[in-house]
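First up is the structure itself, then whatever we jot down about it.
In this note's numbering, the protein residues as written are -8 to 160.
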C-alpha cells in the first residue's frame, strides 16, 4: 500500500510594495540610491478584469481609471464591467491601507481621496482599526470614528509602567 503526502496549506505574506532583489541592504536609504523616487510617490494601481478575454490596465488617478474602464472591451467586443483592483506601486502605508480596507472597484474613488487628504497618522489609525481590530470601512469612514490609542513603548514592561503611572491600572 503506497502512502501519499499532500502538501500542507500555506500562505506567503509579501511586504508591500515588494522590494527589488537589487535594492541595497543596510544603512543606505532608498532616496540616496534612487533620487528619482521622491517622498510622495505616485500611486499606481492595476485593474484586472474578471473577464478572461479582456486585458487589464494600469492607472494612477480616478479619472484615468474611469476613462480606461469605460472604453475597455473584451475580445468579443463586449464592454468589461467588473475588475479586481491591485496595488502596484506607491507609498508602503498606502499599500497597507489598500490591504486593510479591501481595495476594490467600489471604493477606488474613496481610496484616491484618502491617500491625498489624510495624514500618515490618520492612515495608521484606519489600518489598525479596520485591518487589525475588525472595524468596518465605508465611504463615510474617517479616522476619528475609531477610539484607538497608540502608545510608543520599547517593551510591554515599559508600556505597563506607563499605564500604572497614568493611573490606567
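Built from N, CA and C at the ideal position, the CB exists for glycine as well.
Local conformation of residue 97 per DSSP, three classes: coil
CB contact flag (residue 100, residue 55, <9 Å): no
9 Å Cβ cutoff met for residue 66 and residue 45: yes
Residue-chain proximity (residue 49, chain C), Cβ-Cβ < 9 Å: Any reference to chain C falls outside this structure, which holds one protein chain only.
Exposure of residue 148, with buried meaning 16 or more beta-carbon neighbours within 10 Å: exposed
Where residue 128 sits in the DSSP three-state scheme: coil
Rounded separation between residue 150 and residue 88 - CA only: 26 Å
C-alpha gap between residue 136 and residue 95, whole angstroms: 22 Å
Cβ separation of residue 41 and residue 74, assumed to be a contact under 8 Å, to the nearest whole Å: 7 Å
Backbone CA spacing between residue 115 and residue 142 [nearest angstrom]: 13 Å
Sub-9 Å separation of residue 49 and residue 36 beta-carbons: yes
Sequence ranges, beta strand (DSSP E) only - wholly within the stretch 23 to 72, length at least 3: 35 to 40, 48 to 50
Assigned secondary structure, residue 141 (DSSP; H/G/I helix, E/B strand, else coil): coil
Per-residue DSSP class, three states only, for residue 113: helix
Span separating the alpha-carbon of residue 80 from that of residue 129: 24 Å
Under the three-state DSSP convention, the category residue 173 falls into: Residue 173 cannot be examined here, being either before or after the span of the chain that is shown, -8 to 160.
Contacts around residue 119, its chain only, beta-carbon distance under 7 Å, and the 5 residues preceding and following it disregarded: 139
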